[in-house]
Structure formats: C-alpha cells, structure tokens
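>
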Amino acid sequence: MRKTISRVVAASALNLGLLLIFAAVAHAQAGSVRGTVTLAGAAPAIGKLTVTKDQEVCGESLPSRAVVVADGRVQYAIAYLDLAAQDGAPRRATPAAAAASGAKDSGAASQPLTITNRGCAFDPPVVAAVAGTKLTVRNEDPVFHNVRIRLGPRSMANLSLPVRGVQIENQRALTLPGVLTVKCDAHEWMEGTVRVFDHPYFAVTGADGSFEIAGVPPGKYTLVVWHAKLGEQRREITVAPGESLTVALTLPSASGGASRP
Ligand SMILES: [Cu+2]
C-alpha cells in the first residue's frame, strides 16, 4: 500500500515536472521581429497646415505630420504580421488572449491607449491597438476639441472635450479591426489614425524608424509595414524558436508615384 502511494506521488511529481518544463519551453520558444523602416529617395518637404480658427491658442500654422521622416527613417509607420495571409483560418485574439500569448512583453499591444489633444493636434497622430482596447482621450488645450472616430463611413465614437483637463474613457471606439480615422469637427486640420488589429502582433515605428514585435510564436509569416501616405511593403519571414529576427524595410518615396490619398 505504502509502495503504491509513493508510486502515485512519484508519478504526479513527474507529471508536474514535465508540465513545468513544457510551459518553460513554450515561453522560451516565442521569438521577436524587429527592424527599421526607411524611405527610398528624398524625404518630402514638411508641409504646413493653415490654422483657420482659435489662432490665439493654435498659432498661425502647424507642421504637418502626415509624413514624418528624419535621416531617411520613417516614424509612425505600422509594422504587423498579416495573419489573414497565412494558411488556414486567421487567429482571433482578445486582449486577454493577447496577454496570455505573451503579448504583454511587447508593450504597445496590451497598453490602454491615450490620444491627447495638445497644441491643436492629436498626440500621437498614429497609434495601433488590439480590438477591445479601452481608449482614453484628453484635452490639454484651452479650446473646445472633439474626437470623432470613424471606420469607413461608420461612426465608432464622438467624444466631446469642451475644456482643458477633460478626459474621457471609451470602451466601444476600438472594438472592430481596421483603419480608423480620427478627426476634430472644430478644427478641420486635425487628423489622426488608429489601426486596430484582431491579434497582438504589431508595432508603430519610433522617431528612429525602429519597431519591435515581441512574443511571436515560431512560424512563417507575412510581415507588412504600412503607412497611410507611403503605402505598404510586404515580406515573407520565418521566425525560428526563440529567434530575434531583424529586418530592414523600405517604403517608396511619396514623390515616386506610390503615395496614396
Ligand atoms: Cu480640435
């Protein structure tokens, strides 16, 4: 009898040990994709947006952030894995599933999203989120702004921020995947973009054009880098277990005929 119990205990301990090893291996297997996005050819001149209202707060003009390039590096491009392009059904992910899959390591994917109205512009002008992410909008200007978010013709949110210091949280605006436009009805020059994904494998490039997509399960993927004005580039990649893959991507110049409205 005692022998049987000790066998059961030993077997259980072995199972638990195997489970822990399996979990550790699964976690260790996730790789990452990092890279830099550059612009082919010369950077376009930075356009100026004419301020037609509230000049005492907003100034006479504001620099356009439609295309932000420094030393050939493209900021505010969105890099992502196109899971729909893979064989089989595309994976769907809730924020909870994204966190469980290791996306918590990638930062941007699991962070609540905040868009601030500052200096009569949306800051940041381009953001990306997993579907279901809570959106916070703030007004730091002493003028009325509103944040109107559309997915194609569909209105996803219209959030009114009448005075400085107002902050609103919204759970509905970012529920559907797609390219969402952000506008302020009071100031027609104010424009922003939110790209919503149904998975956590995306990142927005920083001022140096760099991005990192973390927690990527090993496999073959189509990596896409997308920019609202510069178009997109696609690349077939293979992420080996635990690999940190580095890629360099180039977007065509806005003046090269590849720009999109
Ligand atoms: Cu405004």
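Residue numbers (the numbering used here): 439 to 699.
All C-beta atoms in this analysis are idealised placements derived from N, C-alpha and C, irrespective of residue type, glycine included.
Since we're looking at a predicted model, the values are computed, not measured.
#1: By the three-class DSSP mapping on this structure, what secondary structure does Ser544 have?
#2: So, helix, strand or coil for Glu494, using DSSP?
#3: Give the straight-line distance between the Cα atoms of Ser691 and Val565, rounded to the nearest whole angstrom.
#4: Could you check whether the Cβ of Ala595 sits closer than 6 Å to any heavy atom belonging to ligand 1?
#5: Distance check for Ala483 and Gly644, CA to CA, integer angstroms please.
#6: Quick check on Gly603: buried or exposed, where buried means 16 or more other Cβ atoms within 10 Å of its Cβ?
#7: Work out the CA separation of Glu494 and Ala686 for me, nearest whole Å.
#8: Count the other CB atoms within 10 Å of the CB of Ser682; is the residue buried (16 or more) or exposed (fewer)?
#9: Check whether the Cβ of Cys496 sits closer than 6 Å to any heavy atom of ligand 1, and report yes or no.
#10: Can we count His583 as close to ligand 1, meaning its CB is less than 6 Å from some heavy atom?
#11: Taking Thr660 as the reference, give the member of Cys496, Glu498 and Gln671 with the closest Cα.
#12: What number of angstroms, rounded off, separates the C-alpha of Thr688 from the C-alpha of Ala652?
#13: Ligand 1 and Phe686: does any heavy atom of the ligand fall closer than 6 Å to the residue's C-beta?
#14: Can you tell me which of the three DSSP states Leu599 falls into?
#15: Mapping DSSP to helix, strand and coil, what is Ala522?
#16: Is any non-hydrogen atom of ligand 1 found closer than 6 Å to the C-beta of Ala559, if you look at the structure I gave you?
#17: Do His665 and Ala515 have their CB atoms nearer than 7 Å?
#18: Quick one: residues in its chain with C-beta nearer than 7 Å to the C-beta of Val471, no 5 flanking neighbours on either side, listed in chain order?
#19: By Cβ distance, which residues of its chain are closer than 8 Å to Ser593, with the 5 residues on each side in sequence left out?
#20: Within 6 Å: the Cβ of His665 and any heavy atom of ligand 1?
#21: Taking Phe649 as part of the beta strand (DSSP E), name the residues at either end of that continuous run.
#22: Using alpha carbons as the reference points, say which of Leu519, Gln513 and Ile553 lies closest to Glu629.
#23: Do Leu599 and Asn577 have their beta-carbon atoms positioned less than 7 Å apart in this structure?
Taking the coordinates as given:
#1: Position 106 of the sequence shown holds residue 544. With a pLDDT of 44 at Ser544, under the threshold of 50, the modelled position of that residue is not reliable, and the figure given next carries that caveat. Three-state DSSP puts Ser544 in a helix.
#2: Taking the sequence shown and counting its residues from 1, the one referred to as residue 494 is at position 56. Residue state, collapsed to three classes: helix.
#3: Looking up residue 691 in the sequence shown gives position 253. Looking up residue 565 in the sequence shown gives position 127. The straight-line gap from Cα to Cα measures roughly 22 Å.
#4: One-based indexing of the sequence shown puts residue 595 at position 157. Every heavy atom of ligand 1 is 6 Å or more from the Cβ of Ala595, so no.
#5: Walking along the sequence shown from the start, residue 644 turns up at place 206. Walking along the sequence shown from the start, residue 483 turns up at place 45. Distance from the CA atom of Gly644 to the CA atom of Ala483, rounded to whole angstroms, is 19 Å.
#6: Residue 603 sits at position 165 when you count from the first residue of the sequence shown. Under this definition Gly603 is an exposed residue.
#7: Numbered from its first residue, the sequence shown carries residue 686 at position 248. Numbered from its first residue, the sequence shown carries residue 494 at position 56. Roughly 43 Å between the two C-alpha positions.
#8: For the purposes of this step, residue 682 is taken as the residue at position 244 of the sequence shown. Counting Cβ neighbours within 10 Å, Ser682 comes out exposed, since fewer than 16 surround it.
#9: As a working note, residue 496 is residue 58 in the sequence shown. Cys496 Cβ: outside cutoff for every heavy atom of ligand 1.
#10: Walking along the sequence shown from the start, residue 583 turns up at place 145. Yes, the beta carbon of His583 sits closer than 6 Å to at least one heavy atom of ligand 1.
#11: Position 222 of the sequence shown, counted from the first residue, corresponds to residue 660. Closest option to Thr660, Cα to Cα, is Gln671.
#12: The residue you call residue 688 lines up with position 250 of the sequence shown. The residue you call residue 652 lines up with position 214 of the sequence shown. Taking the straight line joining both Cα atoms gives about 21 Å.
#13: Walking along the sequence shown from the start, residue 686 turns up at place 248. The sequence given here places Ala at residue 686; Phe does not occur at that position. Not one heavy atom of ligand 1 sits closer than 6 Å to the Cβ of Ala686.
#14: Counting from one through the sequence shown, the residue named residue 599 turns up at place 161. Assigned with DSSP and collapsed to three states, Leu599 falls in strand.
#15: Counting from one through the sequence shown, the residue named residue 522 turns up at place 84. Note: Ala522 maps to helix in three-state DSSP.
#16: Numbered from its first residue, the sequence shown carries residue 559 at position 121. Outside the cutoff, so no.
#17: In the sequence shown, residue 665 corresponds to position 227, counting from 1. In the sequence shown, residue 515 corresponds to position 77, counting from 1. Yes, the Cβ-Cβ distance between His665 and Ala515 is below 7 Å.
#18: The residue given as residue 471 occupies position 33 in the sequence shown. Closer than 7 Å at Cβ, skipping near neighbours: Ile651, Val654, Leu661, Ile675, Val677, Leu683 and Val685.
#19: Your numbering for residue 593 matches position 155 in the sequence shown. Beyond the five residues adjoining it in sequence on each side, Ser593 comes within less than 8 Å, by CB distance, of Arg586 and Ile587 in the same chain, given in chain order.
#20: If you number the sequence shown from 1, residue 665 lands on position 227. Not so, every heavy atom of ligand 1 lies at least 6 Å from the Cβ.
#21: Position 211 of the sequence shown, counting from 1, holds the residue named residue 649. Under the DSSP assignment, Phe649 falls in the beta strand (DSSP E) whose first and last residues are Ser648 to Val654.
#22: As a position in the sequence shown, residue 629 is number 191, starting the count at 1. Glu629 has its Cα closest to that of Ile553, out of Leu519, Gln513 and Ile553.
#23: Taking the sequence shown and counting its residues from 1, one reaches residue 577 at position 139. Taking the sequence shown and counting its residues from 1, one reaches residue 599 at position 161. Yes, these two residues count as a Cβ contact at 7 Å.
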